[in-house]
Each structure stands twice: as structure tokens, then as C-alpha cells.
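J.: Here you go, one structure.
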Amino acid sequence: MLLAFDTSSAAVTVAVADPVTGAIAASSTTVDALRHGELLAPAIAAALETAGCTARELSRIAVGVGPGPFTGLRVGLVTARTMADVLGIEVAGVCSLDILARQSALALPVAVATDARRKEVYWALYDGPAADGSRRRLEGPAVDKPADVAHVLSGLPVIGRGAVLYGETLGVPAEGVVEYPSAEVLAHGVATGTLEIVPPTPLYLRRPDVTMSAGPKSVL
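Sequential numbering of the sequence shown, starting at 4, is according to my numbering.
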């Protein structure tokens, strides 16, 4: 079986699927930006139980590599690589913005914009869907202030949490927007080869907020 999950956003999303057809056997999504470390392991265990399989029956793991905030993204990547090492199986990384683009049902080019915090968005542009539903990334991923990238996204449907938070600035409607990546779409895309596979390394695009101390300050 194929286990897929993504923690690049405020959502912890998990799915178990057939590794060939991508048929979903179990899935769950919980939105809580502060509890990725608490939620992911129980969600994986619950999905495996619902699917009627054990971790030893997994043949592959798919994981979203971001871009995303440092802490949440690290939880997903460390979990995926640790499980894969223990089980001796492959980890397939996928850009989380690609997952969101694949979730669009529109037969048009689309833009993806997610919450990068610091009043910024992670964004990318995509071509219209191919016959198999896959989309080619045309530009990005990148991180910018919404006002600085509004002209690039202008005229395109925008998917992702960024469209909800900064819809007015980006000039797009904020209603009915798909906000978070789906592990079901990740699993199906990896199983069917309609999502591009990348190494399972985090795509941060910028340095984390936390920095190492330079040492104690002199009192002299």
C-alpha cells in the first residue's frame, strides 16, 4: 500500500491508497497550525487501521515537501524518512503547490498561493491540465508579498490559503477556494505518475525564524 501525507500548511492530511491505481482506502484531514507533531502519528495509525493494513505492508511513502513553514514541514519530512528507513521502502517527495494545482477542476491555467506567514505567500503558476489531469509548472515556487506578485497572478484563478487571506490584494474572489493540499490527491498523483517526484528534502525558500545565538553578550 501507499501512504501519503502533507504537513506544509495548517492542515495535517493523510491517506492510504493502492500503490498502482491510486484508489483511496482511507484518509483524514485536520486543520490545526500548531499541532502537527501531535496529530500526524495518530492520523497515520488511524488511516492504516481503517485501510486494514499495517505499516509493514507499505511499499512506498509519498510526502509533500513544501514550500511551507519550517516546523510543520519538518514534522512531515522527518516522519516520512524515518518510517522509510525502518521499513526499507522508497519516499517520493512532491512539491505541495503541485498538489494544490492538481486539485483544481478548471480546464484553465491556474495560480497557487499559500500562506507563507510574515504577510507573504508561496506561489507558483501552472499550465492547463493535460489529458491525464497533470499540470506543468510554468513559474515558481517563490515567496513574495501579495502586493508584489499580484500582477503576475492577475487574470488567473488562484488556489490556496493565500487567496483567502489576501484575495483583495491579489484581485481574486476568496469564496469557494481550495485552501490546503489533499493527501488523497498526493497519493493518487504519485501512484499514477501524474505528479512530479522530487527528493524528500524540505523546500523552505527562506531561512527559519529561529537563529542560533552568537553567544553571551559582553557586560563590559
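We put the beta carbon where it would ideally sit given N, CA and C, even for glycine. The structure displayed is predicted, hence computed values, not measured ones.
Distance, Cα to Cα, Gly-192 vs Val-201?
T.: Distance from the CA of Gly-192 to the CA of Val-201, rounded to the nearest whole angstrom, comes to 13 Å.
J.: Return the residue from the list Ala-87, Leu-168, Phe-8 and Asp-35 that minimises the CA-CA distance to Tyr-125.
T.: Leu-168
J.: Compare the Cα-Cα distances from Asp-9 to each of Leu-90, Pro-72 and Val-146 and report the closest residue.
T.: Pro-72
J.: How would you label His-154, buried or exposed, when you count the other beta carbons within 10 angstroms and need 16 or more for buried?
T.: exposed
J.: By Cβ distance, which residues of its chain are closer than 8 Å to Ala-145, with the 5 residues on each side in sequence left out?
T.: Tyr-125, Trp-126, Ala-127, Val-152 and Leu-208
J.: Check the C-beta distance from Ala-29 over to Ala-18 and give it rounded, since I have them as a contact under 8 Å.
T.: 7 Å
J.: Threshold first: 3 residues or longer. Then list the beta strand (DSSP E) segments lying entirely within the stretch 90-154, N to C.
T.: With a minimum length of 3 residues, the continuous beta strand (DSSP E) runs that stay inside the stretch 90-154 are 93-97, 113-120, 123-129 and 140-147.
J.: Taking its Cβ as the centre, do 16 or more other Cβ atoms sit within 10 Å of Leu-6, making it buried, or is it exposed?
T.: buried
J.: Ordered along the chain, which non-local residues of its own chain (more than five positions away) have a Cβ less than 6 Å from that of Gly-14?
T.: Looking at the sequence shown, residue 14 is not Gly but Ala. These residues qualify, in order along the chain: Thr-32, Val-34 and Tyr-183.
J.: Quick one: what's got a C-beta closer than 7 Å to Lys-148's C-beta in the same chain, skipping five residues either side?
T.: Closer than 7 Å at the Cβ level, and outside the excluded window around Lys-148, lie Lys-122 and Glu-123.
J.: State the Cα-Cα distance for the pair Ala-150 and Val-175, rounded to the nearest angstrom.
T.: The alpha-carbon atoms of Ala-150 and Val-175 are separated by roughly 12 Å.
J.: Under the three-state reduction of DSSP, which class applies to Thr-195: helix, strand or coil?
T.: helix
J.: Ends of the alpha helix (DSSP H) at Val-167?
T.: 164-168
J.: Secondary structure at Arg-59, three-state DSSP: helix, strand or coil?
T.: helix
J.: Tell me the residue span of the alpha helix (DSSP H) that contains Leu-51.
T.: 39-54
J.: Could you give the distance in angstroms between the alpha-carbon of Ser-157 and the alpha-carbon of Ala-95?
T.: 33 Å
J.: For Ser-12, which beta-bridge partners are listed by DSSP?
T.: Beta-bridge pairing links Ser-12 to no other residue.
J.: If you follow the beta strand (DSSP E) that Ser-31 is in, where does it begin and where does it stop?
T.: 27-34
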